[in-house]
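Undergrad:
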Amino acid sequence: MTDSHNNDIENEDKVFSKDWWLRLVKGAFVGIGGILPGLSGGVLAVIFGIYDKLLNFLGNITHKFWKNVRYFIPVGIGFVIGIILFSFFVMKAFGSYEALFTCLFIGFVVGTFPSLFKQAGQEGRSTADYLVMGLTALALFALMVFGGQHFSHLTPSFGVWLFSGALIGLGVIVPGMSPSNFLIYFGLYEKMSAGISHLNMGVIIPLGLGAILCVLALAKVANWLFDHYYAKMYHFILGTVIGSSLAIFPTVVFPAFTPEGLMETGLSFMTTLILAIVMFVAGAIFSYWFSGIEEKYSPDNR
5 MTDSHNNDIE
15 NEDKVFSKDW
25 WLRLVKGAFV
35 GIGGILPGLS
45 GGVLAVIFGI
55 YDKLLNFLGN
65 ITHKFWKNVR
75 YFIPVGIGFV
85 IGIILFSFFV
95 MKAFGSYEAL
105 FTCLFIGFVV
115 GTFPSLFKQA
125 GQEGRSTADY
135 LVMGLTALAL
145 FALMVFGGQH
155 FSHLTPSFGV
165 WLFSGALIGL
175 GVIVPGMSPS
185 NFLIYFGLYE
195 KMSAGISHLN
205 MGVIIPLGLG
215 AILCVLALAK
225 VANWLFDHYY
235 AKMYHFILGT
245 VIGSSLAIFP
255 TVVFPAFTPE
265 GLMETGLSFM
275 TTLILAIVMF
285 VAGAIFSYWF
295 SGIEEKYSPD
305 NR
């Protein structure tokens, strides 16, 4: 009996260790998604099962406080690591091969869409839910494709970086919203990335403050909406995933196949096409595999 009990504890410790590292990886991807053009940290948080846990925690912050803190510690560490690593290393490659890296992340989102669709229907679906999904996808697609031309460049300041941080926080609360798209439109994205990569506290502090204040201010509202309108909220999220993913093609991917885009990468049309397809498929396969690992070691399944 004792040996069996000890083995159970040992197995639980191993699972906990794997789950801890999985949450770290999840947080890193959410961090990357938070600053990667065309993507949303909120979408990746939904994909990894972090989103609803975060809203429940912030919406009822005193309920199981320390348990939630322990759960989100590796997520937070990973989030910071993801942002810093992306700013330091990936940005160099992303500058010339933006479309190819974006195809990788589109594949990543597409590979997990079936599980999101299944989750959205856990409490049933109605025609109204499908309508919410379709209209949301259409509206977000139009906003991302056509809205950017109306934005003006902003001069960096504490207030502007605070606003930029609020956009990042909004991208966590509203899955599918890509804060980086708006930062690009405002002419702030490259300056933000440079500030993060150089650990410029004049950029990092207001960014972090704005993100935290936005999340704290809106989390309770979002949590209430999920409690009362689960199906419609999740189909809204599905709409944001569809709309934002489709909008990436005309705004980021397709320009890479123009003569100017091919000249920037130094690749031929056929080479670019093959690499884009390969990275898309690789992203989908990885996300499918990772989803299986996440489900296997999820605390909810133990």
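In terms of our numbering, the sequence shown opens at residue 5 and continues consecutively. The beta carbon of each residue, even a glycine, is placed where N, CA and C say it ideally should be.
#1: Note down, one range per segment and in chain order, each alpha helix (DSSP H) of at least 4 residues found wholly within the stretch 20-74.
#2: Is Y134 helix, strand or coil by DSSP?
#3: Since I believe S201 is in contact with Y193 (beta carbons under 8 angstroms), could you give me their beta-carbon distance rounded to a whole number of angstroms?
#4: To the nearest angstrom, how far is the alpha carbon of A132 from that of F273?
#5: Which two residues bound the contiguous alpha helix (DSSP H) that contains G173?
#6: In three-state terms, what does DSSP make of Q126?
#7: Report, in whole angstroms, the separation of the C-beta atoms of A141 and G243, which I expect to be a contact under 8 angstroms.
#8: Could you give the DSSP three-state label for G2: helix, strand or coil?
#9: Less than 8 angstroms between C-beta atoms, sequence neighbours within five positions excluded: which residues of the same chain meet that for L174?
#10: When you compare only the Cα positions, how much space is there between S364 and I209?
#11: So G115 and V29 are in contact, right, with Cβ under 8 angstroms, and what is the actual spacing, rounded?
#12: If contacts are defined as beta-carbon pairs under 8 angstroms, then G46 and G86 qualify, I think. What distance do you get, rounded to the angstrom?
#13: Which whole runs of the alpha helix (DSSP H) in the stretch 237-285 are 4 residues long or more, in chain order?
#14: Indicate whether I252 and T159 have their beta-carbon atoms separated by less than 8 angstroms.
#15: Please report the distance separating the alpha-carbon of N64 from that of V73.
#16: Report the CB separation of V256 from A103 in whole angstroms; it is logged as a contact under 8 angstroms.
#17: From the DSSP output, in three-state form, read off S159 for me.
#18: Check whether the Cβ atoms of L220 and L59 lie closer than 8 angstroms to each other.
#19: Less than 8 angstroms between the C-beta atoms of L166 and L229, yes or no?
#20: On the criterion of 16 or more Cβ atoms from any shown chain inside 10 Å, does Y134 qualify as buried, or is it exposed?
#21: Which whole-angstrom value is the C-beta distance of H239 and A124, which I expect to be below 8 angstroms?
#22: For the alpha helix (DSSP H) holding F230, just list the boundary residues, first then last.
#23: Under 8 angstroms, do S249 and I110 count as touching if we go by C-beta distance?
#24: Nearest-angstrom Cα distance between G206 and F162?
#25: Skipping 5 residues on each side, what residues in its chain have a beta carbon closer than 8 angstroms to that of A235?
#26: Near N227, which residues of its chain fall below 8 angstroms by C-beta distance, leaving aside the five closest residues on each side in sequence?
#27: Quick one: measure Cβ to Cβ for A170 and A215, integer angstroms, because I've assumed they're closer than 8 angstroms.
#28: Under 8 angstroms by Cβ, that's how I've got G247 and F145 pegged, so tell me the actual separation to the nearest angstrom.
#29: Whose C-beta lies closer than 6 angstroms to the C-beta of S291 among residues of the same chain, with five residues either side of it excluded?
#30: Would you decide whether T275 is buried or exposed? Buried here means 16 or more other CB atoms lie within 10 Å of its CB.
#31: Would W293 be called buried (16 or more neighbouring beta carbons within 10 Å of its own) or exposed?
#32: Does the distance from the CB of L89 to the CB of M283 come in under 8 angstroms?
TA: On the basis of the coordinates in this document:
#1: 45-51, 55-63
#2: helix
#3: Actually they are not in contact, since the Cβ atoms of Y193 and S201 sit about 12 angstroms apart, beyond 8 angstroms.
#4: 43 angstroms
#5: For G173, the uninterrupted alpha helix (DSSP H) run begins and ends at 162-177, by DSSP.
#6: coil
#7: 4 angstroms
#8: The chain is shown only over 5 to 306; residue 2 falls outside these bounds and no answer can be derived.
#9: Correct list, in chain order: M181, P183, C218, L222.
#10: Past the boundaries of the shown model lies residue 364; the chain is included only from 5 to 306, so the question cannot be answered.
#11: About 16 angstroms; that fails the 8 angstroms criterion.
#12: 14 angstroms between Cβ atoms; not a contact.
#13: 263-269
#14: no
#15: 13 angstroms
#16: 6 angstroms
#17: The displayed chain sequence assigns Thr, not Ser, to residue 159. Here T159 sits in coil by DSSP.
#18: no
#19: no
#20: exposed
#21: So it is a contact: roughly 5 angstroms between Cβ atoms.
#22: 205-232
#23: yes
#24: Spanning the two alpha carbons is a distance of roughly 7 angstroms.
#25: A124, G125, E127, G128, R129, S130, D133, listed in sequence order.
#26: So the list reads L59, N60, L62, G63, N64, once near-sequence residues are dropped.
#27: The pair is a contact, with the Cβ atoms about 7 angstroms apart (cut-off 8 angstroms).
#28: Their Cβ separation, rounded to whole angstroms, is 4 angstroms, which keeps G247 and F145 in contact under 8 angstroms.
#29: F112, G115, T116
#30: exposed
#31: exposed
#32: Taking 8 angstroms as the Cβ cut-off, L89 and M283 do not qualify as a contacting pair.
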